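Numbering (the UniProt record's numbering), first residue to last: 1 to 707. Ideal placement from N, C-alpha and C gives every residue a C-beta, glycine not left out. From a predicted model like this one, the values you see are computed outputs, not experimental measurements.
Written as structure tokens, this is what we have:
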């Protein structure tokens with residue numbers, strides 16, 4: 001609730017008014033809650049949490065408060081912000097407000113020394129850093145230690161990420177609590193977000209302190225016209241976007257749930273529409289400079305759309321963004337509200353369309369548990385860390401090799417253990433602190449339950465059970481929620497220019513186009529260690545050549561074929577023939593780059609689909625005039641949730657090269673045909689065994705590279 005007794009003095013109001021007018025125009029004035037927040041932050045030890053809709057003007061609060069506090073002799077403002085795009089926009093906004101702002105990030109390392117000098121001299125009013133930067137020991141030593149007791153205002157932007165009940169929890173954000181402890185107790189703190197329900201709001205407020213002032217406003221967005229386009233298959237969704245993109249207003253964002261879908265949908269639009277509808281794929285894997293260039297291209301309307309993952313989310317500011325389309329539903333109404341909030345910020349009308357599919361549920365299940373630590377894996381990591389100390393800290397690559405756990409999993413667990421105080425990041429790696437770690441099962445069970453309830457809310461949203469905007473507001477515990485009167489549920493129909501189905505011709509063209517894609521299968525280069533025993537580089541004489549995969553992840557054009565061919569029963573002849581044709585076509589294109597032509601084919605039913613694999617191998621052998629051999633496979637030891645090292649060990653122990661096979665492959669190039677795998681260990685281990693048995697080279701072809 002707002003404290004109506006907090007008002008600005010005339011002098012402070014004059015400074016704040018000047019900032020607002022510089023940012024938003026001469027007629028702009030502080031909103032009532034903005035003035036309350038600014039007034040509170042002018043007082044010592046203030047703690048303020050602002051939960052307001054995107055576009056409300058949360059950043060104006062900290063620019064105005066910074067200007068007042070700097071004028072009164074306070075130190076610089078430290079803003080913790082999650083994304084480079086958000087920082088760039090904020091640096092520009094600060095400049096318009098008459099403040100000098102700077103950021104220290106991985107994209108401007110050459111400027112760090114001069115920025116740090118200006119910070120020490122008092123020439124910088126605002127320093128923006130990422131939560132990851134806060135966790136960096138070098139940054140802490142050079143910058144935070146120097147600012148201890150001197151920060152005039154601390155701002156935690158996108159503060160829902162501080163709470164592990166939030167939709168975008170980041171372990172590094174918990175470093176903010178460390179900063180709070182090093183601050184002068186009188187330093188005011190502001191936290192802002194547009195996407196926090198009551199539980200997240202209460203959690204963040206508790207972390208800030210008992211006296212936190214919470215300013216929460218209505219979250220409805222009158223400029224957004226929400227719609228759900230239902231009953232589309234994954235492939236139909238691609239076709240729908242291709243058909244509708246030219247008719248959507250202005251420029252916008254098309255969100256996908258996976259990196260693969262973003263890249264493939266962008267390539268499909270480029271192939272079909274060419275320069276008439278310019279688009280680009282935007283994912284977290286891009287270099288910072290390329291992401292910045294794409295953001296600018298969309299902002300300047302040089303692109304019709306960015307086909308993006310959630311990497312393009314918090315902080316991207318384009319006031320005239322005309323549409324947001326989701327190819328697949330996010331698992332949380334809170335994250336969905338945050339993403340659609342990019343549209344319609346400075347215009348009266350923007351189109352928001354959700355294209356759900358029953359294929360989304362599998363991705364939701366993954367997201368629900370992806371960040372939950374597995375006790376067995378954590379304890380394995382801690383045991384590995386016991387062998388290191390301050391003089392020789394552990395690095396993530398070393399821990400990956402020693403434990404057999406994947407690098408991304410190792411890095412996430414290290415951050416979580418750091419939050420829990422069990423490990424500490426030092427300048428050259430990680431060490432144990434001596435504090436015991438225990439798995440808080442009740443807490444994590446509660447988090448998973450909340451995420452699954454949120455997924456149920458999104459199912460209700462896709463079914464159109466009530467007004468779409470009202471449902472989003474209610475999911476954020478907005479007491480002002482009411483029917484909007486303009487969404488597809490309230491209208492009882494899809495608003496123009498949206499239609500319910502794509503063109504059959506477009507669908508057929510996309511199927512042909514996408515089924516023609518073949519993906520390079522890069523060989524694994526390191527043994528996993530752990531249960532496998534061996535670690536380090538795989539010798540060149542045992543390594544597979546770069547291979548090919550026909551179907552990557554959840555490719556929509558192959559969904560029906562996969563469901564039929566890999567279901568375990570007798571597949572339809574059309575499914576088998578589609579895989580046979582794709583394999584032959586892939587080999588035809590591959591021959592320009594392989595080191596030597598394959599002479600013999602060996603099928604390896606890694607996922608147990610022997611019948612389909614045998615049929616494809618026989619067809620390829622016939623068309624390519626290849627000899628044929630087999631490898632016996634023992635899959636009896638396989639269970640779910642094997643570690644990387646355990647899976648590799650089972651493949652090593654379960655594959656046997658028979659004498660007749662060894663004789664057949666000696667000094668020859670082998671085409672290793674594998675049905676499906678996500679880890680590539682069956683490919684890697686089988687290639688090593690074939691090379692040991694005398695094969696001159698192994699060219700792997702994987703029918704389905706699972707996610």
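Alpha-carbon spacing of residue i relative to residue j, whole angstroms
i: residue 520; j: residue 593; result: 11 Å
i: residue 730; j: residue 378; result: Nothing can be reported for residue 730: it is not among the residues displayed for the chain, which extend from 1 to 707.
i: residue 439; j: residue 533; result: 28 Å
i: residue 32; j: residue 17; result: 13 Å
i: residue 393; j: residue 430; result: 5 Å
i: residue 151; j: residue 45; result: 12 Å
i: residue 362; j: residue 567; result: 16 Å
i: residue 190; j: residue 116; result: 23 Å
i: residue 239; j: residue 463; result: 21 Å
i: residue 205; j: residue 212; result: 6 Å
i: residue 655; j: residue 693; result: 12 Å
i: residue 542; j: residue 209; result: 59 Å
i: residue 182; j: residue 312; result: 32 Å
i: residue 708; j: residue 336; result: What the structure shows of the chain is the stretch from 1 to 707, and residue 708 is not part of that stretch, so it cannot be assessed.
i: residue 698; j: residue 685; result: 11 Å
i: residue 760; j: residue 30; result: Any question about residue 760 goes unanswered here, given that the chain covers just 1 to 707.
i: residue 618; j: residue 560; result: 23 Å
i: residue 320; j: residue 348; result: 9 Å
i: residue 530; j: residue 581; result: 40 Å
Other residues of its chain near residue i: CB distance less than 6 Å, five sequence neighbours each side excluded
i: residue 28; result: 20 and 21
i: residue 237; result: 327 and 355
i: residue 643; result: 404
i: residue 590; result: 548
i: residue 475; result: 333 and 457
i: residue 572; result: 564
i: residue 507; result: 239
i: residue 360; result: 328 and 329
Of the listed residues the options, nearest to residue i (C-alpha basis)
i: residue 630; options: 111, 690 and 596; result: 690
i: residue 419; options: 176, 485 and 158; result: 176
i: residue 641; options: 701, 318, 406 and 503; result: 406
i: residue 596; options: 636, 201, 546 and 487; result: 546
i: residue 163; options: 202, 189, 183 and 188; result: 202
i: residue 465; options: 675, 492 and 265; result: 492
i: residue 207; options: 639, 193, 174 and 146; result: 174
i: residue 632; options: 624, 606, 621 and 688; result: 606
i: residue 55; options: 23, 575 and 73; result: 23
i: residue 484; options: 74, 69 and 468; result: 468
i: residue 275; options: 287, 305 and 290; result: 305
i: residue 488; options: 285, 470, 172 and 310; result: 470
i: residue 381; options: 329, 414, 480 and 510; result: 414
i: residue 558; options: 569, 574 and 570; result: 574
i: residue 13; options: 53, 58, 63 and 52; result: 63
i: residue 289; options: 451, 444, 109 and 143; result: 109
Chain D contact for residue i (CB, 8 Å cutoff)
i: residue 477; result: The chain inventory of the structure shown lacks chain D, comprising one protein chain alone.
For residue j and residue i, believed in contact at Cβ under 8 Å, the rounded distance
i: residue 404; j: residue 645; result: 3 Å
i: residue 41; j: residue 50; result: About 10 Å; that fails the 8 Å criterion.
i: residue 165; j: residue 216; result: Not a contact, Cβ separation roughly 16 Å.
i: residue 657; j: residue 626; result: Going by Cβ atoms, the distance from residue 657 to residue 626 rounds to 18 Å, so no, they are not a contact pair.
i: residue 397; j: residue 364; result: 31 Å between Cβ atoms; not a contact.
Same chain only: Cβ atoms within 7 Å of residue i, ignoring 5 sequence neighbours per side
i: residue 552; result: 260, 519 and 705
i: residue 425; result: 135, 137 and 418
i: residue 270; result: 279
i: residue 599; result: 626, 627, 668 and 669
i: residue 700; result: 521, 544, 547, 672, 674, 683 and 687
Residues near residue i by beta carbon distance below 8 Å, same chain, minus five either side
i: residue 384; result: 394, 399, 402 and 403
i: residue 95; result: 101
i: residue 570; result: 611
i: residue 461; result: 228, 329, 333, 336, 354, 468, 471 and 472
Is it the case that the stretch 670-681 contacts the stretch 509-516, given that we only count it when at least three CB pairs across the two stretches are under 8 Å?
Not touching, per the Cβ criterion.
Within 8 Å, do at least three Cβ pairs link the stretch 333-343 to the stretch 313-324?
The stretch 313-324 is in contact with the stretch 333-343.
Just checking, does the stretch 366-385 make contact with the stretch 409-419 on the three C-beta pairs under 8 Å criterion?
Between the stretch 366-385 and the stretch 409-419, the count of C-beta pairs closer than 8 Å reaches three or more; the two stretches touch.
Looking at C-beta atoms only, is the number of pairs between the stretch 300-318 and the stretch 248-263 that lie closer than 8 Å three or more?
Yes: the two stretches touch, three or more of their Cβ pairs being nearer than 8 Å.
Check whether the stretch 646-663 and the stretch 612-622 touch, using three or more Cβ-Cβ pairs below 8 Å as the test.
The way I'd put it, the stretch 646-663 doesn't touch the stretch 612-622; fewer than three beta-carbon pairs between them come closer than 8 Å.
Quick check: the stretch 209-227 against the stretch 98-117, are there 3 or more CB pairs under 8 Å?
No: the two stretches stay apart, fewer than three of their Cβ pairs being nearer than 8 Å.
Contact between the stretch 115-132 and the stretch 67-84 (3+ Cβ pairs under 8 Å):
Touching, yes.
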